[in-house]
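Comments concern the structure below.
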Amino acid sequence: MTNAAIARAREMDRRVAVVVLDRFGRMVAAQCMDGCVNAAFDVALAKARHSANFRRPTKFQQDLLTDKQLFPILAIPGMMPLEGGLEIQFDGETVGGIGVSGATASEEIDDGQEDDGAQQGNQQCPERKVPGVDRRNSE
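In structure tokens form, the structure reads like this:
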């Protein structure tokens, strides 16, 4: 899943880190491009974890912060309300998250959506065979 996002970042001359997690927050794939900032991996990991755990794009919570009364959401463990994370869905269920860091927010989302199947909202992605992950069992 990371290859398409990395390829898209190369087209835009950006240096990014991409992290894919399963629905339990376990790392499935990760890539850091040469020259990306050191913190990019940690931020991408946090964005992927946020999207998998909250089953929403990170931008959803980022947009909530325009209402100053909602700032307390920043205290929720695992909260990363910075655009660049998307949930990965299969058959209408969130099965993981992808996080991209190291470019502007809109470029990161573009990278994540270019990734053959990671889609925002209620759309679906093709089935992925991940060793040790049985998607038939409920959480």
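Letter 49 of the sequence shown, counting from 1, is numbered 48 in numbering that gives the first Met the number 0, and no numbers are missing.
Backbone N, C-alpha and C define an ideal beta-carbon position, used for all residues, glycine too.
Note that the structure is a prediction, hence the values are computed from the model and not measured.
Hey, would you say residue i sits closer than 8 Å to residue j, going by beta carbons?
i: G95; j: A51; result: yes
i: V15; j: V27; result: no
i: A39; j: S100; result: yes
i: R48; j: G24; result: yes
i: A102; j: M11; result: yes
Using a 10 Å radius around the Cβ and a threshold of 16 neighbouring Cβ atoms, would you call residue i buried or exposed?
i: E86; result: buried
i: P125; result: Confidence is the limiting factor: at P125 the pLDDT is only 36, short of 50, which leaves the residue's position unreliable and the question unanswerable from this model.
i: V17; result: buried
i: D41; result: exposed
i: I97; result: buried
i: A74; result: exposed
i: R22; result: buried
i: Q68; result: exposed
i: R9; result: exposed
Would you grab the beta carbon distance between residue i and residue j for me? Rounded to a whole angstrom, and I think it's under 8 Å.
i: A45; j: M0; result: Not really, about 18 Å apart at Cβ, beyond 8 Å.
i: L81; j: T57; result: 6 Å
Pick from the options: whose alpha carbon is nearest that of residue i?
i: R13; options: P71, F53, C35 and R48; result: C35
i: G84; options: N2, P76 and F59; result: F59
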